[in-house]
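The sequence shown begins at 1 in full-length UniProt numbering and counts up by one.
Input: a single structure, listed below in structure tokens.
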Amino acid sequence: MVLAQVGYTFLYFITGASFNHGMNPHVYITYRETVAGVVMLPFAYFLERNIRPKMTLALFLEIFVLSFLGVGLTLNMYFASLNFTSPDFLASMVNTIASITFVIAVVLRLEIVDHQNPGGLAKVIGTMLSLAGVLTMTLYKGPVLQNLWHPLIHIKRSNNIHEEWLKGSILTVASCITWSIGYIMKVSVGVLVLASYFCCC
């Protein structure tokens with residue numbers, strides 16, 4: 001888990017530098033998802049073609065909406081916000097996705113919060129600590145650290161910082177919300193797949 005987070009952090013910096021050198025975020029997402037689809041297609045076809053249910057219109061629409069919200073819209077807003085904010089802001093905001101998912105699930109009555117149960121209390125406390133940590137990382141300005149060597153990546157900054165940060169923050173929060181909705185939809189798509197699989201059996 002720690003290595004995955006470190007890898008994602010480096011990915012944010014490298015992607016931000018690539019975008020600053022002229023790479024279009026929408027093209028990047030298209031290539032990224034195309035490569036992922038091509039890599040996963042043989043595994044899905046050869047290993048799971050006999051155990052998955054047949055594609056129905058309802059299942060196709062659920063997968064389409066899930067792909068649109070959970071991947072397409074989320075990543076487009078996410079990488080667009082990288083042009084207006086900083087990689088460390090994005091890296092800290094991504095940590096709110098679990099908390100946002102929990103809050104949305106509670107609002108939609110998919111999750112029940114039981115204050116008497118230690119598990120329910122732990123979820124509430126964990127959500128509050130996660131949000132407090134993100135707010136601390138985002139708002140706290142500590143002492144400036146000096147580089148010991150020349151930086152490998154240069155990220156250009158515009159003069160109109162306030163307006164760009166406002167745009168970037170809105171895009172980042174919207175991206176985290178759609179990401180959370182995507183997670184919740186994955187559960188419903190999984191339930192629909194299981195239900196149609198058992199109906200076919």
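Just so it is clear, CB atoms sit at the ideal spot from N, CA and C, and this is done for glycine as well.
All of these numbers come straight from a predicted model, not from anything done at the bench.
Inter-residue distance for Y12 and P87 is about 6 angstroms (C-alpha atoms, whole angstroms). Going by DSSP, N76 is part of the alpha helix (DSSP H) stretching over T74 to L82. Taking 8 angstroms as the upper bound for CB-CB distance, T172 and L90 are in contact here, some 6 angstroms apart. S81 sits close to S175, with the two beta carbons spaced by under 8 angstroms. Look at G120 here: in three-state DSSP terms it is helix. Assignment of N50 by DSSP, reduced to helix, strand and coil, places it in the coil class. CA-CA distance, M137 to W165, rounds to 16 angstroms. Leaving aside the five residues that flank S130 on each side, the residues in its chain whose CB is nearer than 8 angstroms to its CB run, in chain order, N95, T96, A98 and S99. Taking the Cα positions, M40 is about 30 angstroms away from I104. Distance from the Cα of G168 is smallest, within the candidate group T127, A132 and F79, for F79.
Burial of S180 is indicated by the presence of at least 16 other C-beta atoms within 10 angstroms of its C-beta.
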